[in-house]
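In what follows, a structure is listed as structure tokens, so that the remarks can point back to it.
Number of protein chains: 2
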Amino acid sequence: MASATPRAGKTLTEKRSGGDGARQPGMTDVARLAGVSAQTVSRTLAGHPNVQPKTRAKVLAAVEQLGYRKNNAARVLSSGRSRTIGVVTLQTNFYSRANLTCGIETAAREAGYSVSTATTASLDTAAIEDAMTRLADQGVEGVILAVPLVHVSPRIEQLTRSVPTITVDGSRTPATEVVAVDQSLAARLATRHLIELGHENIWHVAGPGEWLDASSRCAGWRDTLEAEGLPVPPVLEGDWTPASGYRNGLILGKIPDVTAVFVASDEMAFGVIRALHELGRKVPEDISVVGVDDIDLAEYCSPSLTTVAQPFAEMGALAVAHLMRHVADPDAAPAPASVEPKLIVRASTGRVRGAAG
Amino acid sequence: MASATPRAGKTLTEKRSGGDGARQPGMTDVARLAGVSAQTVSRTLAGHPNVQPKTRAKVLAAVEQLGYRKNNAARVLSSGRSRTIGVVTLQTNFYSRANLTCGIETAAREAGYSVSTATTASLDTAAIEDAMTRLADQGVEGVILAVPLVHVSPRIEQLTRSVPTITVDGSRTPATEVVAVDQSLAARLATRHLIELGHENIWHVAGPGEWLDASSRCAGWRDTLEAEGLPVPPVLEGDWTPASGYRNGLILGKIPDVTAVFVASDEMAFGVIRALHELGRKVPEDISVVGVDDIDLAEYCSPSLTTVAQPFAEMGALAVAHLMRHVADPDAAPAPASVEPKLIVRASTGRVRGAAG
DNA sequence: ACACAGGATGTTATCGATGCCAATAGTGTG
DNA sequence: CACACTATTGGCATCGATAACATCCTGTGT
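So the protein sequences, as listed, match chains A and B.
Residues in the first sequence are numbered from 1 upward in steps of one, following the numbering used here.
Residues in the second sequence are numbered from 1001 upward in steps of one, following the numbering used here.
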């Protein structure tokens, strides 16, 4: 009986052959063709310095000829490094998400890393745990948590301890660095702008309270008003959608004294403006509106939207940079980074009616 | 001399220990603790039926106790299946991209697959080749090409042959299935709607000519006009951005006879409307505007935008379904799928002025 | 009661690349 | 001219899980 060994060899062949007998060439195949050892092939491909140009050329030629491609799984298994980072985002198609992941992807690629995404439908601790677990199981070297964490569950805590994690615009966990836009500053810029235009009754349509950036913006708005000795009206809360902005706009438009609104996102601001329009209150003549994000459309609605721009792409790059540093040296001290937002004045804000020119 | 073997053992330990001596438990550790073989652990975790409940329980308990997690790289290497699919998209933050990837991610997860993304900055053949190569090197089992391919280079051809590929809304390659929205229908719906409102001079602001969906929409618009015996005005071309819509809107607004415009995307439509507004031409009283996409904001601008909705999320799911089928049976005959868009009438279109009521 | 089918579990080889160490070749110095 | 030293290259074990094969054990039919 030609039992175990030969049979295993045959099995191998069958496994690889997708039906046509061809097999992906391996490093050994390349090595044989080039007349060197597999090890030398590995070194050549890894860009190791100590390889003679002549040898390198031979190897590269063989690689070319066979159409050889490195097997990623094997490389990962053997080296223990996956060269992949994971990104956790919300499933919603917010402008910010699209831009952020874009910046992350680009920066990661430049650092020689791949990106694996895991989205979560909700801010549920369980859902986020699940997303992070999926990434961890995939063997990512680090994770960028682009969701606003409210509670940090023990499980998440544990995960962030075993996998370097950077939180973007979220709450800070003990083991996590945070890269964030200074949301409080964004709110102050917007509110101050309105105050400078003479407004004294400035309302706020906020994002969901569970979101850190929503509450930061709210706080920034409140602080600015209080610092100026202006009244702080009740907060209206939306869910980031234009529809929620619209609903709140309908409420706002019926309140006589309101002359300005700081809305926590451009999308909601669109809804607010729409509602005000329907109620016959003109923007900016009757009411000034400021948004946050500077989405592409902000400049092209009527009136064009005054807003606070957030450098999403740069944030993505920054997050990757921090993550790389953290991956390289897990013991490095966390260095939270914050990026400054920028006020962009357009046509949706104006001097309060009747105010001194 | 305790030479080679022991030393290698030590190396291992050092490699794993991230400084604290703890090591990720492996399958053998679990097996030892549960008092079974590694194979049984594997079977249990793979949900293999032939495992006694008692044994399964022991294994699961051991897994739990050690906090064991399967090593993905090892699994992939040994099984030859990565359970990962790749998605190639453009870096631009178009609404469609965000929604599509969302649908893909969700569907993939439900099918037990992970998603790895690769974005390309341009439609360059080289850039797309690069993105696909990155994914292929990562060992994805299939690829969803969510970019509109113009030319299919030999290299891409070759890649699609070795990796099951589904193209979304792109041109059809020999080895590729296509899942697409019927863009021509979208254009016909929009154009017919305008015709029914009495418009006879219907212009079109198209997307970039290299994009298949742009040219399909353009063709659908042209065909409909010709079928009705209406004049076919010159095509204005934009680049999907609101800014390009604005530029074309400025041109359109100065042409006296124009009473309706079919714009190839909502974002451009916003720009067009904005320009018309600035020129003092009212929408829809003077000019009716129809967009395509039904972005979230379409309903909340003034006037709310009549548009043709595209079921992006469903398309993503459909693409994944087709890909899974293709991965399971690479020899299956391609079955192109097409999804129907839906006209959504809002306030940016109206009867042509002076037309019979 | 015995043989046999079939379920449950263990054993072995292997996936493909890399890290460490050994071996060899080539260079410079006293 | 010998020795030390370094630049190159090869050999071996190994990462952790799985497929195929071998084995053992239990229940059932005649």
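Here a beta-carbon is modelled for each residue, glycine too, at the ideal position from N, C-alpha and C.
Predicted model, so just to flag it, every value in this text is computed and none were measured.
In three-state DSSP terms, what is A:Ala-309?
Residue numbering aside, residue 309 of chain A sits at position 309 when the first sequence is read from its first letter. Residue state, collapsed to three classes: strand.
Against chain A, with Cβ distances strictly below 8 Å, would B:His-943 count as a contact?
Given that chain B is displayed from residue 1001 to residue 1357, the structure contains no residue 943 of chain B and the question cannot be resolved.
Quick check on this structure: which residue in A:Arg-274, A:Val-30 and A:Asn-201 has the alpha carbon closest to the alpha carbon of A:Pro-234?
Here the question's residue 234 of chain A lines up with position 234 in the first sequence. Taking only the C-alpha atoms, the option nearest A:Pro-234 is A:Asn-201.
Run through DSSP, which three-state label would A:His-204 get?
Along the first sequence, one-based indexing puts residue 204 of chain A at 204. Residue state, collapsed to three classes: strand.
Can you check whether the C-beta of B:Ala-1332 is within less than 8 Å of a C-beta belonging to chain A?
Within the second sequence, residue 1332 of chain B is the residue found at index 332, counting from 1. No - not a single Cβ of chain A is within 8 Å of the one on B:Ala-1332.
Segment limits, alpha helix (DSSP H) that includes A:Glu-177
To locate residue 177 of chain A, count along the first sequence from 1; it is residue 177. Unbroken run through A:Glu-177 is the beta strand (DSSP E), 177-181; no alpha helix (DSSP H).
Given that A:Val-205 touches chain B, what residues does it touch there, using C-beta distances under 9 Å?
To locate residue 205 of chain A, count along the first sequence from 1; it is residue 205. By Cβ distance, chain B contributes nothing, its closest Cβ being about 13 Å from A:Val-205, past 9 Å.
For A:Thr-191 and A:Leu-225, believed in contact at Cβ under 8 Å, the rounded distance
The residue you call residue 225 of chain A lines up with position 225 of the first sequence. The residue you call residue 191 of chain A lines up with position 191 of the first sequence. Contact flag correct, Cβ pair sits at about 7 Å.
Answer yes or no: does any C-beta atom of chain B fall closer than 8 Å to that of A:Lys-70?
Stepping through the first sequence from its first residue, residue 70 of chain A is reached at position 70. Cβ-Cβ to chain B under 8 Å: yes for A:Lys-70.
Enumerate in chain order the residues of its own chain whose CB-to-CB distance from A:Lys-342 is below 6 Å, with the five nearest sequence positions on each side excluded.
Translated into positions along the first sequence, residue 342 of chain A becomes position 342. Around A:Lys-342: Ala-309.
Between B:Ala-1127 and B:Thr-1133, how many whole angstroms is the CB-CB distance? I'm expecting something under 8 Å.
Walking along the second sequence from the start, residue 1127 of chain B turns up at place 127. Walking along the second sequence from the start, residue 1133 of chain B turns up at place 133. B:Ala-1127 to B:Thr-1133, Cβ: 11 Å. No contact.
What did DSSP end up calling A:Ser-82 once you bin it into helix, strand or coil?
In the first sequence, the residue the question calls residue 82 of chain A occupies position 82. Reduced to three states, the DSSP call for A:Ser-82 is coil.
Which of the residues in the stretch 1093-1120 of chain B, read from start to end, lie with their CB under 9 Å from any CB of chain A?
Asn-1093, Phe-1094, Tyr-1095, Arg-1097, Ala-1098, Asn-1099, Thr-1101, Cys-1102, Glu-1105, Thr-1106, Arg-1109, Ser-1114, Val-1115, Ser-1116, Thr-1117, Ala-1118 and Thr-1119
Is DSSP giving B:Ser-1114 helix, strand or coil here?
Here residue 1114 of chain B corresponds to residue number 114 of the second sequence, with the count starting at 1. Strand.
Where do the ends of the alpha helix (DSSP H) carrying B:Val-1030 lie?
To locate residue 1030 of chain B, count along the second sequence from 1; it is residue 30. Where B:Val-1030 is concerned, the enclosing alpha helix (DSSP H) stretches over 1027-1034.
Let me know if B:Arg-1274 comes out buried or exposed under the rule of 16 or more other beta-carbons within 10 Å of its beta-carbon.
The count along the second sequence starts at 1 and reaches residue 1274 of chain B at position 274. Label assigned to B:Arg-1274: buried.
Cβ atoms of A:Ala-298 and A:Cys-361: under 8 Å apart, would you say?
Lying outside 1 to 357, the shown extent of chain A, residue 361 of chain A is not represented and no answer is given.
For B:Gly-1021, which residues from the same chain have a beta carbon less than 6 Å from its beta carbon, with the 5 sequence-adjacent residues on both sides left out?
If you number the second sequence from 1, residue 1021 of chain B lands on position 21. Reliability fails at B:Gly-1021, whose pLDDT of 48 lies under 50, so the model's placement of it is uncertain and no value is given.
Determine whether the Cβ of A:Glu-340 lies closer than 8 Å to any Cβ atom of chain B.
Within the first sequence, the letter at position 340 stands for residue 340 of chain A. No - not a single Cβ of chain B is within 8 Å of the one on A:Glu-340.
A:Glu-196 (DSSP reduced to helix, strand or coil):
Translated into the one-based positions of the first sequence, residue 196 of chain A becomes position 196. Helix at A:Glu-196.
Going along the chain, which residues of the stretch 223-239 of chain A sit with their C-beta nearer than 7 Å to a C-beta in chain B?
none
Under a CB-based cut-off of 8 Å, is A:Gln-310 close to chain B?
Within the first sequence, residue 310 of chain A is the residue found at index 310, counting from 1. Closer than 8 Å: no.
Strictly below 9 Å CB to CB, what residues from chain B border A:Glu-267?
Here the question's residue 267 of chain A lines up with position 267 in the first sequence. Chain B residues near A:Glu-267: Asp-1296, Leu-1297 and Tyr-1300.
What are the boundary residues of the beta strand (DSSP E) that includes A:Glu-237?
Taking the first residue of the first sequence as 1, we reach residue 237 of chain A at position 237. From DSSP, the beta strand (DSSP E) with A:Glu-237 extends over 235-237.
Give a yes or no on whether the minimum CB-CB distance between A:Pro-319 and chain B is below 8 Å.
Residue 319 of chain A sits at position 319 when you count from the first residue of the first sequence. Reading off the sequence, residue 319 of chain A comes out as Ala, not Pro. False, the Cβ-Cβ gap to chain B never drops below 8 Å.
In terms of residue numbering, what span does the beta strand (DSSP E) encompassing A:Ala-260 cover?
By one-based count along the first sequence, residue 260 of chain A stands at place 260. That run of the beta strand (DSSP E) goes 260-263.
May I ask you to report which of helix, strand or coil DSSP gives A:Thr-92?
By one-based count along the first sequence, residue 92 of chain A stands at place 92. Residue state, collapsed to three classes: coil.
So A:Ala-187 and A:Val-168 are in contact, right, with Cβ under 8 Å, and what is the actual spacing, rounded?
One-based indexing of the first sequence puts residue 187 of chain A at position 187. One-based indexing of the first sequence puts residue 168 of chain A at position 168. Actually they do not touch by this definition, with Cβ atoms about 18 Å apart.
Rounded C-alpha distance that separates A:Val-333 from A:Ala-131
Translated into positions along the first sequence, residue 333 of chain A becomes position 333. Translated into positions along the first sequence, residue 131 of chain A becomes position 131. In the sequence under discussion, the amino acid at residue 333 of chain A is Ala, which differs from the Val named in the question. Each residue's Cα considered, the two are about 26 Å apart.
Taking CB distances under 8 Å as the criterion, tell me whether A:Gly-21 reaches chain B.
Along the first sequence, read from residue 1 onward, the residue named residue 21 of chain A stands at position 21. Unreliable placement is indicated for A:Gly-21, whose pLDDT of 48 sits below 50; no coordinate value is reported for it.
Is any beta-carbon of chain B found at less than 8 Å from that of A:Arg-134?
Taking the first sequence and counting its residues from 1, one reaches residue 134 of chain A at position 134. Yes, A:Arg-134 lies at the interface with chain B (some Cβ there is under 8 Å from its Cβ).
Is it true that the CB of B:Glu-1267 sits closer than 8 Å to the CB of A:Asp-296?
By 1-based counting over the first sequence, the position of residue 296 of chain A is 296. By 1-based counting over the second sequence, the position of residue 1267 of chain B is 267. Yes, the pair counts as a contact, with Cβ atoms nearer than the cut-off.
Three or more C-beta pairs under 8 Å: does that hold for the stretch 1103-1123 of chain B against the stretch 1067-1087 of chain B?
yes
Cα separation between B:Phe-1262 and A:Thr-44?
Taking the second sequence and counting its residues from 1, one reaches residue 1262 of chain B at position 262. Taking the first sequence and counting its residues from 1, one reaches residue 44 of chain A at position 44. Rounded to the nearest angstrom, the two C-alpha atoms are 56 Å apart.
How many Å lie between B:Ala-1073 and B:Val-1041 at the Cα?
As a working note, residue 1073 of chain B is residue 73 in the second sequence. As a working note, residue 1041 of chain B is residue 41 in the second sequence. Their backbone Cα atoms lie some 17 Å apart in a straight line.
I'd like the list of long-range same chain contacts for A:Arg-155, defined as Cβ closer than 7 Å, with 5 residues on each side in sequence excluded.
For the purposes of this step, residue 155 of chain A is identified with residue 155 of the first sequence, where counting begins at 1. Same-chain partners within the cutoff: Glu-129.
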